[in-house]
Amino acid sequence: MNWKNAIRLLVLAIIWQAGSAFAATDFDLVVSKDGDGDFTTVQEAIDAVPDFRKNTTTIFIKNGVYKEKLILPASKNQVTFIGESVENTIITNDDYASKLNRFGEEMGTTGSSGFFVFGHDFTAENITFENSAGPVGQAVAVRVDGDRAFFSNCRFLGFQDTLYPHGENSRQYYKNCYIEGTVDFIFGWSTAVFEDCEIFCKSAGYVTAASTLEATPFGFVFFRCKVTGSAPARSVYLGRPWRPFAKTAFIECELGDIIKEEGWHNWGKEDAEKTATYVEYKNAGAGATPEKRVPWSLQVTKKERANYSLENIFDGWIPGEPVNIESK
Numbered sequence: 028m029n030w031k032n033a034i035r036l037l038v039l040a041i042i043w044q045a046g047s048a049f050a051a052t053d054f055d056l057v058v059s060k061d062g063d064g065d066f067t068t069v070q071e072a073i074d075a076v077p078d079f080r081k082n083t084t085t086i087f088i089k090n091g092v093y094k095e096k097l098i099l100p101a102s103k104n105q106v107t108f109i110g111e112s113v114e115n116t117i118i119t120n121d122d123y124a125s126k127l128n129r130f131g132e133e134m135g136t137t138g139s140s141g142f143f144v145f146g147h148d149f150t151a152e153n154i155t156f157e158n159s160a161g162p163v164g165q166a167v168a169v170r171v172d173g174d175r176a177f178f179s180n181c182r183f184l185g186f187q188d189t190l191y192p193h194g195e196n197s198r199q200y201y202k203n204c205y206i207e208g209t210v211d212f213i214f215g216w217s218t219a220v221f222e223d224c225e226i227f228c229k230s231a232g233y234v235t236a237a238s239t240l241e242a243t244p245f246g247f248v249f250f251r252c253k254v255t256g257s258a259p260a261r262s263v264y265l266g267r268p269w270r271p272f273a274k275t276a277f278i279e280c281e282l283g284d285i286i287k288e289e290g291w292h293n294w295g296k297e298d299a300e301k302t303a304t305y306v307e308y309k310n311a312g313a314g315a316t317p318e319k320r321v322p323w324s325l326q327v328t329k330k331e332r333a334n335y336s337l338e339n340i341f342d343g344w345i346p347g348e349p350v351n352i353e354s355k
């Protein structure tokens, strides 16, 4: 048995034991910093994926710290990353918004991103995505524009603006992930569901800053997530509206005492209180204080909560099921 097949069998066994949806997946490409794979960098593996391929390309990334600024272009669809272990497979970059590029210009929030996901049907499992710039203002770990993105058992590390679900028509699913930050560390236009995730607040601030379009029915939806952190008690808001029609829901989540009793902030925009949609349903924990929430937020009924199904939110997309590229 050659080394590549041995690695594949070992990792498949580990993933199977963890109950992964990818237990039957083979690896097309292997990335290893030690040189015992097909490539030593993740970007090389991305570049090797044929443009507009109609089948899934699965890339196994061995343990290591990969300091790269990655771009998955719109011509690379159905690409899957599987890390050897979430703790030790780390993709990192340290750009930040006020950092100057070679022309002496500030990079800006988008420019600070460590990984740009433009391709559709991207999947990642068992990988840490990090922006290691520190508390220097906006510093994005991952920006996602492609549709039907699926992250399972991944970590997103950073401070301000860690995770950027950017695409206006993008649907994204985060399952059993860990996301940390300080201010607006989950922000953007996309429709994104976070299920069974840990949301870790490192300091006083805001968890979300949605900029949902008026015509988009769902923005950020959190199901059974644990919101905790090292922030002081009563110092973190669940969200504030980056744009007027921001939509965010926390459903059956466990909210720690770091959450402010009022829950939500209007970002100094009184008009946004009439247009933003901030929803909660049966949250628990010291941070769940429905009777003290701002009056312009909603505690929905059981009947209203039924509207928040994955089928409704994702308009028919079922994360993890194969996609027929020919029909897209």
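Sequential numbering of the sequence shown, starting at 28, is according to our numbering.
For every residue, glycine included, the Cβ atom is placed at its ideal position computed from N, Cα and C.
Inter-residue spacing [alpha-carbon to alpha-carbon] between residue i and residue j
i, j, result
"G135", "T150", "27 angstroms"
"V163", "F186", "8 angstroms"
"D284", "A315", "8 angstroms"
"V321", "N310", "16 angstroms"
"T243", "A176", "17 angstroms"
"T85", "N203", "20 angstroms"
"T67", "K319", "53 angstroms"
"N339", "L127", "43 angstroms"
"K355", "G62", "In this predicted model, K355 has a pLDDT of only 48, less than 50, meaning its place in the structure is not dependable; the value taken from the coordinates is given anyway. Cα to Cα, the separation comes out at about 37 angstroms."
"I118", "R270", "30 angstroms"
"K287", "N196", "31 angstroms"
"R182", "I345", "22 angstroms"
"G312", "F79", "47 angstroms"
"P349", "N104", "12 angstroms"
"K60", "R332", "47 angstroms"
"I42", "P259", "Reliability of the predicted coordinates at I42 is poor, the pLDDT of 46 falling under 50, and the value obtained from them is presented with this limitation in mind. I42 and P259: Cα-Cα distance of roughly 37 angstroms."
"Y191", "K330", "31 angstroms"
"A75", "P317", "51 angstroms"
"E133", "S262", "30 angstroms"
"F130", "K96", "18 angstroms"
"I73", "G161", "27 angstroms"
"N158", "V106", "22 angstroms"
"N334", "K81", "33 angstroms"
Cβ-based neighbour list, residue i, same chain, cut-off 6 angstroms, excluding 5 preceding and 5 following
i, result
"S140", "V167, R170"
"G173", "V144, F145, G146, H147, F149"
"E279", "R251, K309"
"T116", "I88, N90, G110, I154"
"I34", "Residue confidence for I34 is low, a pLDDT of 46 falling below 50, so the modelled location carries little weight and cannot support an answer."
"I98", "F143"
"D65", "L56, V57"
"V306", "A276, L325, V327"
"T52", "Confidence at T52 is low in this model, with a pLDDT of 46, below 50, so the placement of that residue should be treated as unreliable; the coordinate-derived value is given next. Only T85 meet the Cβ criterion."
"A48", "Unreliable placement is indicated for A48, whose pLDDT of 43 sits below 50; the coordinate value is still reported in the next sentence. The residues are G347."
"W294", "R267, P268"
"G194", "D172, S217"
"E222", "K202, F250"
"N32", "With a pLDDT of 43 at N32, under the threshold of 50, the modelled position of that residue is not reliable, and no figure is offered here."
"S125", "E133, G164"
Member of the options whose CA lies at the smallest distance from the CA of residue i
i, options, result
"A101", "H147, Y264, I88", "H147"
"V210", "E348, T83, H292", "H292"
"T218", "P317, S336, P349, L99", "S336"
"K94", "A75, E133, F156", "F156"
"F227", "P192, L56, L184, A303", "L184"
"T302", "L240, V57, T328, K329", "L240"
"F108", "I286, S125, E114, T83", "T83"
"E152", "V57, G138, G266, F178", "F178"
"G256", "A237, E281, A236, S238", "E281"
"V113", "W216, N180, Y305, G343", "N180"
"N120", "G138, G131, V106, W216", "G138"
"D188", "G194, R198, G208", "G208"
"Y264", "A160, H193, G232", "G232"
"T304", "S238, D342, F341", "S238"
"D342", "R198, H193, S125", "R198"
Cβ distance (whole Å) where residue i is taken to contact residue j below 8 angstroms
i, j, result
"V254", "V234", "7 angstroms"
"E300", "W323", "4 angstroms"
"Y123", "Q70", "Contact doesn't hold; Cβ gap of about 20 angstroms is too wide."
"Y200", "C224", "Their Cβ separation, rounded to whole angstroms, is 11 angstroms, which puts Y200 and C224 out of contact at 8 angstroms."
"P268", "K296", "7 angstroms"
Cβ neighbours of residue i in the same chain (closer than 8 angstroms, five flanking residues each side left out)
i, result
"D298", "P271"
Own chain, CB closer than 7 angstroms to residue i, minus 5 neighbours either side, in chain order
i, result
"A236", "D211, F214, G266, R267, W269"
"P77", "none"
"V92", "I117, T119"
Quick check: the region 238–248 against the region 267–285, are there 3 or more CB pairs under 8 angstroms? yes
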